[in-house]
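Scroll down for the structure; my scribbles are underneath it.
As structure tokens, this is what we get:
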């Protein structure tokens with residue numbers, strides 16, 4: 001079926017580009033294109049910090065500037081967590097068994113509200129905390145999602161979360177060698193590159209990189 005509205009292109013992190021002149025030329029080309037083709041069913045959404053060289057190009061007719069700092073992401077985070085926990089509840093045998101035994105929904109609304117407040121509108125933190133909570137238990141770390149949720153609420157942002165994630169992963173093969181290599185690299189290296197460098201198999205690197 002044909003789209004009922006215009007197509008949307010999202011350009012994120014434009015402020016992170018080092019070539020300021022190139023960024024300006026890119027924006028100018030976009031604006032010229034839309035001036036020449038005003039009826040085309042296309043919109044461009046640019047997400048960026050307010051840098052002077054970007055604002056100077058965008059302060060013109062045909063551009064709508066919005067301040068995302070005034071937008072609260074709490075509702076979006078809540079919807080994300082509810083949908084994610086519902087999916088986990090269908091797939092995770094431990095969660096299913098817990099709900100069946102207790103006859104109650106998990107997590108409770110109270111726990112979810114506490115988690116949302118703790119996250120504070122950060123999708124990066126929401127996603128990382130959710131993955132940490134529902135991470136499958138292992139013989140070395142038998143923590144269940146029900147045990148992990150209250151522990152997550154005690155963490156101090158991403159630093160605390162990453163510290164716990166790494167501590168739970170120290171039993172993995174070659175953990176210290178892999179983490180030391182990643183920390184000392186000047187440029188990112190693929191799993192295959194790390195395995196070749198350390199003389200180990202790629203499958204030994206994968207779990208440790210996921211823990212980062």
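In this note's numbering, the protein residues as written are 1 to 212.
A virtual CB, placed ideally from N, CA and C, is assigned to each residue, including glycine.
Just so you know, these numbers come straight off a predicted model, no measurement behind them.
Practice task
For the beta strand (DSSP E) containing residue 46, list its first residue and its last residue.
Solution key: 42-47
Problem - Extent of the continuous alpha helix (DSSP H) to which residue 23 belongs - result: 20-36
Problem - Range of the contiguous beta strand (DSSP E) that encloses residue 8 - result: 7-12
Practice task
Take residue 26 as the anchor and find which of 8, 54, 70 and 35 has the nearest alpha-carbon.
Solution key: 54
Handout entry: Residue range of the unbroken alpha helix (DSSP H) whose run includes residue 125
Key = 123-133
Problem - Residue range of the alpha helix (DSSP H) that includes residue 191 - result: 191-198
Problem - Secondary structure of residue 118, DSSP reduced to three states - result: In this structure, residue 118 counts as helix in the three-state DSSP scheme.
Handout entry: Buried or exposed by the 16-neighbour rule on C-beta atoms within 10 Å, applied to residue 40
Key = So residue 40 ends up on the exposed side.
Problem - Simplified DSSP assignment, three categories, for residue 144 - result: coil
Exercise for the section: Might you give, ordered along the chain, the residues of its own chain that have their beta carbon closer than 6 Å to the beta carbon of residue 133, omitting 5 neighbours on each side? Expected result: 145, 148, 149 and 152
Exercise for the section: Let me know the secondary structure DSSP gives residue 74 once reduced to three states. Expected result: Helix at residue 74.
Practice task
With a 10 Å radius around its C-beta and 16 neighbouring C-beta atoms as the bar for buried, classify residue 190 as buried or exposed.
Solution key: exposed
Problem - Neighbourhood of residue 24 by C-beta distance below 7 Å, restricted to the same chain and skipping five residues each side - result: 53 and 57
Practice task
Starting from the C-beta of residue 130, find all residues in its chain whose C-beta is less than 6 Å away, skip the five residues before and the five after it, and write them out in chain order.
Solution key: 84
Handout entry: Alpha carbon of residue 104 to alpha carbon of residue 42, nearest angstrom
Key = 47 Å
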